[in-house]
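Numbering (our numbering), first residue to last: 1 to 72.
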Amino acid sequence: MPSHETKKCLRCGAGFECKAGNITQCQCFTVQLTKEEMEYVSEKYDECLCASCLKALQEEAQQKLKEANALK
């Protein structure tokens, strides 16, 4: 994989530049996911997503976790 690649977000269709070869410069690096949040995202998608969608999925995961904990 090249150090930079133009990709299309599988969730929203937006184009973004993936910098997997320099992850600290990649747009996704701004979204810090917990292990549980990462598992939630990985269950739904197996490709890179834009930062906006990662943030939205992070919020979804947090809500699902709150709901699950409330049932305990």
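Positions of the beta carbon are idealized from the N, C-alpha and C atoms, including for glycine.
In this text the structure is predicted, and so the values were computed from the model without any measurement.
Residue i by DSSP, collapsed to three states: which one?
i      : result
Gly-15 : strand
Thr-24 : helix
Glu-36 : helix
Glu-5  : strand
Val-31 : coil
Glu-47 : coil
For the alpha helix (DSSP H) that residue i lies in, which residues bound it at each end?
i      : result
Lys-55 : 51-70
Are the beta-carbon atoms of residue i and residue j separated by less than 8 Å?
i      : j      : result
Leu-10 : Glu-47 : yes
Ser-3  : Gly-21 : yes
Cys-18 : Cys-53 : no
Only counting the same chain, and skipping five residues up and downstream in sequence, which positions put a Cβ closer than 6 Å to that of residue i?
i      : result
Tyr-45 : Leu-10
Val-41 : Leu-57
For residue i, which residues in the same chain have their Cβ closer than 8 Å to its Cβ, ignoring the five residues on either side in sequence?
i      : result
Ala-51 : Phe-16, Gln-27, Cys-28, Thr-30, Val-31
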